[in-house]
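All remarks here apply to the structure that follows.
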Amino acid sequence: MVQSGRWGSYYWLVSSRELPTLEAATLRFHPGDRLCITSIDSGTCRLYPEEIAAGWTAGRNVAVSPPVDDGIDIPRDQYDEWYLLDRPPAHEWQPEVFVNYGGYTLVAVEESYRTFDPTLDRHGLDYLFPIQERFWAQIERIDPISYVAMGDKDVVVSKRLEFIKHLRAGA
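Numbers 1 to 171, taken from my numbering, label the letters of the sequence shown in order.
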(Lines of atoms letter the chains of each structure in order from A and count residues from 1; the text may use other names and numbers.)
(Lines give C-alpha, C1' and ligand atoms only; values in the text may rest on other atoms or scores of the structure.)
Protein backbone atom coordinates (compact mmCIF):
# COMPACT_ATOMS: atom_id res chain seq x y z
CA MET A 1 0.00 0.00 0.00
CA VAL A 2 1.30 3.44 -0.95
CA GLN A 3 0.09 6.59 0.79
CA SER A 4 1.13 10.13 0.02
CA GLY A 5 0.53 13.70 1.00
CA ARG A 6 1.96 17.16 1.30
CA TRP A 7 3.48 19.10 4.18
CA GLY A 8 4.44 22.72 3.45
CA SER A 9 6.71 22.74 0.39
CA TYR A 10 7.33 18.97 0.68
CA TYR A 11 5.60 16.03 -0.93
CA TRP A 12 5.79 12.70 0.84
CA LEU A 13 5.17 9.05 0.09
CA VAL A 14 5.06 6.01 2.39
CA SER A 15 5.08 2.47 1.01
CA SER A 16 4.51 -0.66 3.06
CA ARG A 17 6.58 -2.55 0.45
CA GLU A 18 10.06 -1.87 -0.82
CA LEU A 19 10.07 0.64 -3.68
CA PRO A 20 11.97 -1.20 -6.45
CA THR A 21 13.35 1.89 -8.21
CA LEU A 22 14.19 3.94 -5.12
CA GLU A 23 18.00 3.98 -5.37
CA ALA A 24 18.09 4.56 -9.15
CA ALA A 25 15.40 7.25 -8.95
CA THR A 26 17.24 8.98 -6.10
CA LEU A 27 20.33 9.26 -8.29
CA ARG A 28 18.35 10.30 -11.36
CA PHE A 29 16.42 13.10 -9.66
CA HIS A 30 19.33 14.51 -7.59
CA PRO A 31 22.29 15.08 -9.93
CA GLY A 32 24.99 17.18 -8.29
CA ASP A 33 23.39 17.03 -4.83
CA ARG A 34 25.03 15.49 -1.76
CA LEU A 35 23.64 12.27 -0.37
CA CYS A 36 24.10 12.14 3.41
CA ILE A 37 23.78 8.74 5.07
CA THR A 38 22.57 9.13 8.65
CA SER A 39 21.79 5.42 9.17
CA ILE A 40 22.90 2.19 7.53
CA ASP A 41 21.75 -1.13 8.96
CA SER A 42 20.39 0.85 11.93
CA GLY A 43 23.80 2.30 12.74
CA THR A 44 26.49 4.73 11.68
CA CYS A 45 28.02 4.44 8.21
CA ARG A 46 31.71 3.61 8.43
CA LEU A 47 33.44 4.37 5.15
CA TYR A 48 35.93 2.00 3.55
CA PRO A 49 39.17 3.33 2.02
CA GLU A 50 37.79 2.83 -1.51
CA GLU A 51 34.72 4.94 -0.66
CA ILE A 52 36.93 7.71 0.73
CA ALA A 53 39.05 7.48 -2.44
CA ALA A 54 35.82 7.88 -4.46
CA GLY A 55 35.11 11.19 -2.71
CA TRP A 56 32.94 10.19 0.25
CA THR A 57 33.65 12.06 3.48
CA ALA A 58 32.75 11.30 7.08
CA GLY A 59 31.21 13.84 9.39
CA ARG A 60 30.01 13.22 12.90
CA ASN A 61 27.99 10.00 12.41
CA VAL A 62 27.12 11.06 8.85
CA ALA A 63 28.70 9.88 5.59
CA VAL A 64 28.54 12.46 2.77
CA SER A 65 28.79 11.59 -0.91
CA PRO A 66 30.63 13.44 -3.61
CA PRO A 67 28.21 15.20 -6.00
CA VAL A 68 25.59 12.62 -7.02
CA ASP A 69 25.75 11.16 -10.51
CA ASP A 70 24.50 7.94 -12.13
CA GLY A 71 27.79 6.16 -11.44
CA ILE A 72 27.98 6.75 -7.70
CA ASP A 73 28.03 3.64 -5.53
CA ILE A 74 25.88 4.14 -2.42
CA PRO A 75 26.68 2.04 0.67
CA ARG A 76 23.42 0.19 1.48
CA ASP A 77 21.98 -2.34 3.86
CA GLN A 78 18.74 -2.33 5.84
CA TYR A 79 17.24 0.47 7.88
CA ASP A 80 19.05 3.11 5.88
CA GLU A 81 18.30 6.83 6.05
CA TRP A 82 19.47 9.50 3.61
CA TYR A 83 19.18 13.26 3.28
CA LEU A 84 19.84 14.91 -0.07
CA LEU A 85 21.27 18.40 0.27
CA ASP A 86 22.47 20.96 -2.25
CA ARG A 87 25.78 21.31 -0.37
CA PRO A 88 27.73 19.28 2.17
CA PRO A 89 26.51 19.73 5.75
CA ALA A 90 28.65 21.09 8.56
CA HIS A 91 31.05 18.46 9.92
CA GLU A 92 29.35 18.46 13.33
CA TRP A 93 25.84 17.94 11.84
CA GLN A 94 24.13 15.09 13.69
CA PRO A 95 20.40 14.82 12.97
CA GLU A 96 18.01 12.59 14.86
CA VAL A 97 17.60 9.25 13.05
CA PHE A 98 13.97 8.24 12.48
CA VAL A 99 14.21 5.08 10.37
CA ASN A 100 14.88 2.91 13.42
CA TYR A 101 11.57 3.71 15.13
CA GLY A 102 9.34 0.65 14.72
CA GLY A 103 6.40 1.31 12.42
CA TYR A 104 7.72 4.78 11.53
CA THR A 105 5.41 6.49 9.05
CA LEU A 106 4.31 9.97 8.01
CA VAL A 107 0.71 8.86 7.61
CA ALA A 108 -1.40 10.74 10.15
CA VAL A 109 -2.01 8.61 13.23
CA GLU A 110 -5.78 9.14 12.88
CA GLU A 111 -5.56 7.72 9.34
CA SER A 112 -3.47 4.77 10.51
CA TYR A 113 -6.10 3.86 13.10
CA ARG A 114 -8.63 3.29 10.31
CA THR A 115 -6.70 0.21 9.21
CA PHE A 116 -5.41 -0.73 12.67
CA ASP A 117 -6.22 -4.21 13.99
CA PRO A 118 -9.23 -3.64 16.28
CA THR A 119 -8.07 -6.38 18.66
CA LEU A 120 -4.99 -4.34 19.54
CA ASP A 121 -4.73 -1.39 21.93
CA ARG A 122 -6.53 1.59 20.38
CA HIS A 123 -3.72 3.85 21.55
CA GLY A 124 -0.96 1.62 20.21
CA LEU A 125 0.13 4.16 17.62
CA ASP A 126 0.05 7.25 19.83
CA TYR A 127 3.85 7.05 20.17
CA LEU A 128 4.04 8.26 16.56
CA PHE A 129 2.64 11.74 17.35
CA PRO A 130 5.81 13.15 18.97
CA ILE A 131 8.06 11.33 16.48
CA GLN A 132 6.23 12.90 13.54
CA GLU A 133 6.36 16.33 15.19
CA ARG A 134 10.13 16.05 15.72
CA PHE A 135 10.61 14.75 12.18
CA TRP A 136 8.82 17.68 10.53
CA ALA A 137 10.59 20.17 12.83
CA GLN A 138 13.93 18.65 11.79
CA ILE A 139 12.98 18.77 8.10
CA GLU A 140 12.09 22.43 8.54
CA ARG A 141 15.48 23.16 10.18
CA ILE A 142 17.61 21.16 7.73
CA ASP A 143 15.60 22.11 4.62
CA PRO A 144 16.79 19.14 2.53
CA ILE A 145 15.87 18.64 -1.10
CA SER A 146 14.78 15.11 -0.23
CA TYR A 147 14.76 12.57 2.58
CA VAL A 148 14.72 8.79 2.09
CA ALA A 149 14.23 6.11 4.77
CA MET A 150 14.17 2.37 4.10
CA GLY A 151 13.01 0.54 7.21
CA ASP A 152 9.74 -1.12 8.20
CA LYS A 153 8.31 1.06 5.43
CA ASP A 154 9.91 3.12 2.68
CA VAL A 155 9.42 6.80 3.52
CA VAL A 156 10.30 9.51 0.99
CA VAL A 157 9.95 13.27 1.39
CA SER A 158 10.93 15.70 -1.35
CA LYS A 159 10.53 19.19 -2.73
CA ARG A 160 10.73 17.53 -6.15
CA LEU A 161 7.22 16.40 -7.01
CA GLU A 162 8.45 14.54 -10.11
CA PHE A 163 10.62 12.32 -7.88
CA ILE A 164 7.57 11.39 -5.77
CA LYS A 165 5.40 10.84 -8.87
CA HIS A 166 8.06 8.59 -10.40
CA LEU A 167 8.28 6.46 -7.25
CA ARG A 168 4.51 6.23 -6.93
CA ALA A 169 4.18 5.12 -10.56
CA GLY A 170 6.74 2.35 -10.01
CA ALA A 171 5.29 1.12 -6.70
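Glycine is no exception: its CB is placed at the ideal position from the N, C-alpha and C atoms.
Subject >> Cutoff 7 Å; reference D152; Cβ partners in own chain excluding five residues on either side >> reply: G102, G103, Y104
**OP:** Under 6 Å Cβ to Cβ from Q3, same chain only, skipping five residues before and after it: list those, please.
**Re:** V14, V107
Original post:
Which residue comes first and which comes last in the beta strand (DSSP E) that contains A149?
Top reply: 146-150
Original post:
Name the DSSP beta bridge partners of W7, please?
Top reply: Y10
Subject >> Residue from C36, A63, V156 with nearest C-alpha to L84 >> reply: C36
Original post:
Looking at C-beta atoms only, is the number of pairs between the stretch 65-82 and the stretch 42-56 that lie closer than 8 Å three or more?
Top reply: yes
**OP:** Taking only the alpha-carbon atoms, compute the straight-line gap between E162 and G59 and give it to the nearest angstrom.
**Re:** 30 Å
Subject >> Limits of the unbroken beta strand (DSSP E) element including I40 >> reply: Counting along the chain, I40 falls outside any beta strand (DSSP E), and DSSP gives it neither H nor E.
Original post:
F129: buried (16+ other C-beta within 10 angstroms of its C-beta) or exposed?
Top reply: exposed
Original post:
Secondary structure at L22, three-state DSSP: helix, strand or coil?
Top reply: helix
**OP:** May I have a chain-ordered list of the beta strand (DSSP E) segments no shorter than 3 residues that lie completely inside the stretch 65-93?
**Re:** 80-85
**OP:** Could you spell out the range, first to last residue, of the alpha helix (DSSP H) harbouring K165?
**Re:** 161-170
**OP:** Out of W82, G170, S158, A169, point me to the one whose CA is closest to W5's CA.
**Re:** Checking the sequence shown, residue 5 turns out to be Gly, not Trp. It is S158 whose Cα lies nearest to the Cα of G5.
Original post:
Can you list, in chain order, the residues of its chain whose CB lies under 6 Å from that of A149, leaving out five sequence neighbours each side?
Top reply: E81, V99, V155
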